[in-house]
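Here's the structure, in structure tokens; my notes come after.
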Amino acid sequence: MPELPEVEVTRRGIAPHLEGRTINSTVVRHHGMRWPVPQGLADTLQGLTVRQVGRRGKYLLLECAQQAAAPVKSGKNSAKTAAEPAIAAPKGWLILHLGMSGSLSLVGPGVAPGKHAHFDLTAGERTLRLNDPRRFGAVLWHPAGDGPPESHPLLAGLGVEPLTPAFTAELLFRATRGRKASIKQVLLAGDIVVGVGNIYASESLFRARIRPTMAAGRLSLARFGQLVPQIREVLSQAIAKGGSTLRDFHSNGESGYFQLDYFVYDRTGEPCKVCKTAIRRVVQGQRSTFYCPTCQK
DNA sequence: CAATTTACCTGGGTGC
DNA sequence: TGCACCCAGGTAAATT
Numbered sequence: 002m003p004e005l006p007e008v009e010v011t012r013r014g015i016a017p018h019l020e021g022r023t024i025n026s027t028v029v030r031h032h033g034m035r036w037p038v039p040q041g042l043a044d045t046l047q048g049l050t051v052r053q054v055g056r057r058g059k060y061l062l063l064e065c066a067q068q069a070a071a072p073v074k075s076g077k078n079s080a081k082t083a084a085e086p087a088i089a090a091p092k093g094w095l096i097l098h099l100g101m102s103g104s105l106s107l108v109g110p111g112v113a114p115g116k117h118a119h120f121d122l123t124a125g126e127r128t129l130r131l132n133d134p135r136r137f138g139a140v141l142w143h144p145a146g147d148g149p150p151e152s153h154p155l156l157a158g159l160g161v162e163p164l165t166p167a168f169t170a171e172l173l174f175r176a177t178r179g180r181k182a183s184i185k186q187v188l189l190a191g192d193i194v195v196g197v198g199n200i201y202a203s204e205s206l207f208r209a210r211i212r213p214t215m216a217a218g219r220l221s222l223a224r225f226g227q228l229v230p231q232i233r234e235v236l237s238q239a240i241a242k243g244g245s246t247l248r249d250f251h252s253n254g255e256s257g258y259f260q261l262d263y264f265v266y267d268r269t270g271e272p273c274k275v276c277k278t279a280i281r282r283v284v285q286g287q288r289s290t291f292y293c294p295t296c297q298k
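For the first sequence, our numbering begins at 2 and goes up steadily by one.
Following this line, the structure appears as structure tokens:
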């Protein structure tokens, strides 16, 4: 399942092939994603240039403009003058979400689309192809006229990025005061911090030695001081591990499978790697949580 | 009213 | 082989 690390690795994989290139064609084979793929999207994208491939939480944002950004200026002439060509304002952002079964690949010309290849975007020689068997993913268009991508309804309520300095123990502490929900569910909710999915929530709480069922509002600042670096660590390690498969985007067109060695996730009944106690599974909000009853209090 | 809980979308995998 | 059932992420709707 793509969580933040997989999405970030995907972003890094596709960005070099898309940025600066012009969209030749777009194919929508199935409009029935999480939300309907906008009608007329192919016409909207035709001829636009992908300026930048960004990410917000688990959303990929392809900034599209009418023309390529102005060429890099020489240092000597960098002073702003009236003669300097204006950079075209963005026409909008293509928003992609991989849901739980989606993946992106870059395929060469003539590669036949599989059963679940619902969306193609061709720029240059390569085609960005979205495969998503369960179609929980999304392909949306946010026109520049509606404001920056952060103003999109799906992005507006998102919490801070876990790998930025904005994500601190103080922030988590303040934001959780008065919340009775468990720390696991609060992490998952995404309104305080984004990108911590089911797997990494369990893993980071284990590393921070915090019981997932603890009410978020009762945890001390000191405990968040343990948790925040562990969340950063676990996500960073996963990205680093995925980064090692990035070359596959060049050779095969898609990122290889990668995952960290889990301490607790999906290890019900198996011995804790630290203390040998059997790992337990509980259900919180219809979702499995895994923890060590000895290590996590 | 804000926080929390429930329902829901789909299809691969599993167990009978 | 068939088939009912579970499960997953993240959002909307319902409920407290």
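No residue lacks a Cβ here, since even glycine has one placed at the ideal position from N, Cα and C. This structure is a prediction, so every number in the text was calculated from the model and none was measured.
**Study point:** N-terminal and C-terminal residue of the alpha helix (DSSP H) that residue 17 is part of
**Key:** Start at 1 with the first residue of the first sequence, and residue 17 comes out as number 16. Residue 17 -> alpha helix (DSSP H) spans 5-19.
Point to revise | Separation of residue 176 from residue 79, as counted between CA atoms | key: Position 78 of the first sequence holds residue 79. Position 175 of the first sequence holds residue 176. Note on residue 79: pLDDT 47, under 50, position unreliable in the model; the coordinate value appears next. Inter-residue distance for residue 79 and residue 176 is about 44 angstroms (C-alpha atoms, whole angstroms).
Exercise for review: Please list, in chain order, all residues of the same chain as residue 282 whose beta carbon is under 6 angstroms from its beta carbon, the five residues on each side excluded.
Suggested key: As a first step, residue 282 is located in the first sequence; it is residue number 281 there, counting from the start. Sequence-distant Cβ neighbours of residue 282 in its own chain, meaning closer than 6 angstroms and more than five residues away, are 269, 289 and 291.
Review point. What whole-angstrom Cβ distance do residue 138 and residue 215 have, given they're in contact under 8 angstroms?
Key: Within the first sequence, the letter at position 137 stands for residue 138. Within the first sequence, the letter at position 214 stands for residue 215. Not confirmed; about 33 angstroms, so no contact.
Practice item. Alpha carbon to alpha carbon, how far is residue 144 from residue 191? Give it in angstroms, no decimals. Key: As a working note, residue 191 is residue 190 in the first sequence. As a working note, residue 144 is residue 143 in the first sequence. Roughly 24 angstroms between the two C-alpha positions.
Check your understanding: Tell me which same chain residues have a C-beta within less than 7 angstroms of the C-beta of residue 159, skipping the five on either side of it?
Key -> On the first sequence, residue 159 is found 158 positions in, with the first residue counted as 1. Closer than 7 angstroms at Cβ, skipping near neighbours: 57, 58, 191 and 195.
Review point. Run through DSSP, which three-state label would residue 55 get?
Key: Locating residue 55 in the first sequence gives position 54, counting from the first residue. Strand.
Exercise for review: At 4 residues or longer, and completely inside the stretch 156-236: list those alpha helix (DSSP H) runs for me, N to C.
Suggested key: If we require 4 residues or more, the alpha helix (DSSP H) runs fully inside the stretch 156-236 come out as 170-177, 184-190 and 199-208.
Point to revise | Spatial distance of residue 198 from residue 3 (CA atoms) | key: Within the first sequence, residue 198 is the residue found at index 197, counting from 1. Within the first sequence, residue 3 is the residue found at index 2, counting from 1. Distance between the alpha carbons of residue 198 and residue 3 is about 9 angstroms.
Review point. Which first and last residues belong to the beta strand (DSSP E) in which residue 118 is found?
Key: Here residue 118 corresponds to residue number 117 of the first sequence, with the count starting at 1. In this chain, the beta strand (DSSP E) harbouring residue 118 covers 118-124.
Review point. Counting Cβ pairs closer than 8 angstroms, one from the stretch 106-114 and one from the stretch 147-157, do we hit at least three?
Key: Not touching, per the Cβ criterion.
Check your understanding: In three-state terms, what does DSSP make of residue 152?
Key -> Looking up residue 152 in the first sequence gives position 151. Reduced to three states, the DSSP call for residue 152 is helix.
Point to revise | Cβ pair residue 142, residue 218 closer than 7 angstroms | key: By one-based count along the first sequence, residue 142 stands at place 141. By one-based count along the first sequence, residue 218 stands at place 217. Taking a C-beta distance under 7 angstroms as the contact criterion, residue 142 and residue 218 do not qualify as a contact pair.
Point to revise | Beta carbon of residue 127 nearer than 7 angstroms to that of residue 97 | key: Walking along the first sequence from the start, residue 127 turns up at place 126. Walking along the first sequence from the start, residue 97 turns up at place 96. Between residue 127 and residue 97, the C-beta gap is not smaller than 7 angstroms, which leaves the two residues out of contact.
Exercise for review: Kindly list the residues whose CB is nearer than 8 angstroms to the CB of residue 272, restricted to its own chain and excluding five residues on each side of it in sequence; keep chain order.
Suggested key: Taking the first sequence and counting its residues from 1, the one referred to as residue 272 is at position 271. Residues of the same chain with a CB within less than 8 angstroms of the CB of residue 272, apart from the 5 flanking positions on each side, are 278, 279 and 280 in chain order.
Exercise for review: Go ahead and pull the three-state DSSP assignment for residue 279.
Suggested key: As a working mapping, residue 279 is identified with position 278 in the first sequence. The three-state secondary structure of residue 279, taken from DSSP, is strand.
Check your understanding: Is it true that the CB of residue 140 sits closer than 7 angstroms to the CB of residue 38?
Key -> For the purposes of this step, residue 38 is taken as the residue at position 37 of the first sequence. For the purposes of this step, residue 140 is taken as the residue at position 139 of the first sequence. Cβ distance < 7 angstroms, so residue 38 and residue 140 count as in contact.
**Study point:** Bridge partners - residue 285, DSSP secondary structure assignment
**Key:** The residue labelled residue 285 in the question sits at position 284 within the first sequence. In DSSP, residue 285 forms a bridge with 288.
Practice item. Pick helix, strand or coil for residue 242, following the three-state DSSP scheme. Key: Numbered from 1 along the first sequence, position 241 holds the residue referred to as residue 242. Helix, per DSSP.
Exercise for review: Assign residue 113 to one of three DSSP states: helix, strand, or coil.
Suggested key: Counted from its first residue, the first sequence places residue 113 at position 112. Coil.
Exercise for review: Identify whether residue 93 lies in helix, strand or coil by the three-state DSSP scheme.
Suggested key: Translated into positions along the first sequence, residue 93 becomes position 92. DSSP places residue 93 in the strand class (E or B) of the three-state scheme.
Exercise for review: Put residue 146 into one of helix, strand or coil per three-state DSSP.
Suggested key: Within the first sequence, numbered from 1, the residue matching residue 146 stands at position 145. Under the three-state reduction of DSSP output, residue 146 falls in the helix class.
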